[in-house]
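Visitor: Protein chains in written order, with the working numbering: chain V, 1 to 111; chain H, 1001 to 1112. Even for Gly, the Cβ is constructed at its ideal location relative to N, Cα and C. Note that this is a predicted model, so its numbers are computed, not measured.
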Amino acid sequence: DAKTTQPNSMESNEEEPVHLPCNHSTISGTDYIHWYRQLPSQGPEYVIHGLTSNVNNRMASLAIAEDRKSSTLILHRATLRDAAVYYCILRDTSNTGKLIFGQGTTLQVKP
Amino acid sequence: NAGVTQTPKFRILKIGQSMTLQCAQDMNHNYMYWYRQDPGMGLKLIYYSVGAGITDKGEVPNGYNVSRSTTEDFPLRLELAAPSQTSVYFCASSHGGGPGYTFGSGTRLTVV
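(1) Check whether chain H comes within 8 Å of Glu45 (chain V), counting only Cβ atoms and requiring the distance to be less than that.
(2) Compute the Euclidean distance between the alpha carbons of Thr1107 (chain H) and Ser70 (chain V), then round it to the nearest angstrom.
(3) Rounded to the nearest angstrom, what separates Asp31 (chain V) and Gly1104 (chain H) at their Cα positions?
(4) How long is the line joining the alpha carbons of His34 (chain V) and Thr1007 (chain H), rounded to whole angstroms?
(5) Arg1077 (chain H) lies in the beta strand (DSSP E); which residues open and close that run?
(6) Name the chain A residues that come within less than 8 Å of Ser1105 (chain H), Cβ to Cβ?
(7) Return the Cβ separation of Thr4 (chain V) and His24 (chain V) in integer angstroms, given the expectation that the two are a contact with Cβ distance under 8 Å.
(8) Can you tell which of H:Phe1010, H:Ala1052, H:Glu1059 and H:Ile1012 has its C-alpha closest to the C-alpha of Ile100 (chain V)?
(9) Answer yes or no: does any C-beta atom of chain V fall closer than 8 Å to that of Ser1093 (chain H)?
(10) What first and last residue would you give for the beta strand (DSSP E) that runs through Leu75 (chain V)?
(11) Out of curiosity, what's the CA-to-CA distance linking Pro988 (chain H) and His49 (chain V)?
(12) Kindly confirm or deny that the region 1082-1094 of chain H and the region 1026-1045 of chain H touch, where touching means at least three C-beta pairs closer than 8 Å.
(13) Between V:Glu15, V:Pro7 and V:Asn13, which has its C-alpha nearest Pro21 (chain V)'s C-alpha?
(14) Helix, strand or coil: how does DSSP classify Arg58 (chain V) here?
(15) Can the beta-carbon of Gly1016 (chain H) be found less than 8 Å from the beta-carbon of Ala1081 (chain H)?
(16) In its own chain, which residues sit with a C-beta less than 6 Å from the C-beta of Thr1110 (chain H), not counting the 5 before and 5 after it?
(17) Since Ala63 (chain V) sits in a beta bridge, which residues does DSSP pair it with?
(18) Going by beta-carbon coordinates alone, are Pro1075 (chain H) and Cys1023 (chain H) separated by less than 8 Å?
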């Protein structure tokens, strides 16, 4: 399984944008980039995913580099409820759809 | 919608005891997964299933067993509990292995 590299932790101020980076230099052509987040004492929740083009949904935006070796999750206006561990995951391309989690980035949001 | 329901939420086991962690989903998802999360770490895949009657090992299957007799249920069995199995266990499901896994709220297990 292709691996991802994320910073261990990041800080942000409330109501400011947050850019969470992820490197995945060994990504294959058919790997989708997935982002999940885990709020304290909860199970992970899906945030967004993409293949090549930038993606937007109600939670966040995903910017994918042209060579696909890196991506950035963008939270447009961080709130205190966005404090969580954010996981960047390359989805297993076999038919099992397995998600292999790394360490993730712990995001702290300051009021 | 209930989504993915895990029971119990908390459990303390003595070394050598056995137990079954229950997981049920009501979304008619064919894919189901069991993960464990040790303190301060990411999730590790224990077992997964792509449909009723089909299961396979993940990254850390030793000490666990699963079965999938129905689409809805995917129980995880711990035989001869060990302190190393102290962890939070998460069950998840997805449709066709696609994006947007739904996770349960977890079972916190302590083995003493």
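Guide: Looking at the coordinates:
(1) If you number the first sequence from 1, residue 45 (chain V) lands on position 45. Under the 8 Å criterion on CB atoms, Glu45 (chain V) is classed as interfacial with respect to chain H.
(2) Taking the first residue of the second sequence as position 1, residue 1107 (chain H) is located at position 107. Taking the first residue of the first sequence as position 1, residue 70 (chain V) is located at position 70. Each residue's alpha carbon lies about 34 Å from the other.
(3) Stepping through the first sequence from its first residue, residue 31 (chain V) is reached at position 31. Stepping through the second sequence from its first residue, residue 1104 (chain H) is reached at position 104. Taking the straight line from one Cα to the other gives about 25 Å.
(4) Stepping through the first sequence from its first residue, residue 34 (chain V) is reached at position 34. Stepping through the second sequence from its first residue, residue 1007 (chain H) is reached at position 7. Each residue's Cα considered, the two are about 28 Å apart.
(5) For the purposes of this step, residue 1077 (chain H) is taken as residue 77 along the second sequence, with counting starting at 1. DSSP places Arg1077 (chain H) inside the beta strand (DSSP E), whose first and last residues are Leu1076 to Leu1078.
(6) Protein chains V and H are contained in the structure displayed, whereas chain A is not.
(7) Numbered from 1 along the first sequence, position 4 holds the residue referred to as residue 4 (chain V). Numbered from 1 along the first sequence, position 24 holds the residue referred to as residue 24 (chain V). Yes, Thr4 (chain V) and His24 (chain V) are in contact; Cβ-Cβ is about 5 Å, under 8 Å.
(8) As a working mapping, residue 100 (chain V) is identified with position 100 in the first sequence. Nearest to Ile100 (chain V) by alpha-carbon distance, out of H:Phe1010, H:Ala1052, H:Glu1059 and H:Ile1012, is H:Glu1059.
(9) Start at 1 with the first residue of the second sequence, and residue 1093 (chain H) comes out as number 93. It does not: the Cβ of Ser1093 (chain H) has no partner Cβ on chain V nearer than 8 Å.
(10) On the first sequence, residue 75 (chain V) is found 75 positions in, with the first residue counted as 1. That run of the beta strand (DSSP E) goes Ser70 to Leu75.
(11) Nothing can be reported for residue 988 (chain H): it is not among the residues displayed for chain H, which extend from 1001 to 1112.
(12) Yes: at least three Cβ pairs fall under 8 Å.
(13) Position 21 of the first sequence, counted from the first residue, corresponds to residue 21 (chain V). That would be V:Pro7, whose Cα lies nearest to the Cα of Pro21 (chain V).
(14) Taking the first sequence and counting its residues from 1, one reaches residue 58 (chain V) at position 58. Here Arg58 (chain V) sits in coil by DSSP.
(15) Start at 1 with the first residue of the second sequence, and residue 1016 (chain H) comes out as number 16. Start at 1 with the first residue of the second sequence, and residue 1081 (chain H) comes out as number 81. Yes, the pair counts as a contact, with Cβ atoms nearer than the cut-off.
(16) Taking the first residue of the second sequence as position 1, residue 1110 (chain H) is located at position 110. In chain order, Ile1012 and Thr1086 place their CB closer than 6 Å to the CB of Thr1110 (chain H), counting only its own chain and leaving out the 5 sequence neighbours on each side.
(17) Within the first sequence, the letter at position 63 stands for residue 63 (chain V). In the DSSP output, where bridge partners are listed per residue, Ala63 (chain V) has V:Thr72.
(18) Taking the second sequence and counting its residues from 1, the one referred to as residue 1075 (chain H) is at position 75. Taking the second sequence and counting its residues from 1, the one referred to as residue 1023 (chain H) is at position 23. The answer is yes: Cβ separation under 8 Å.
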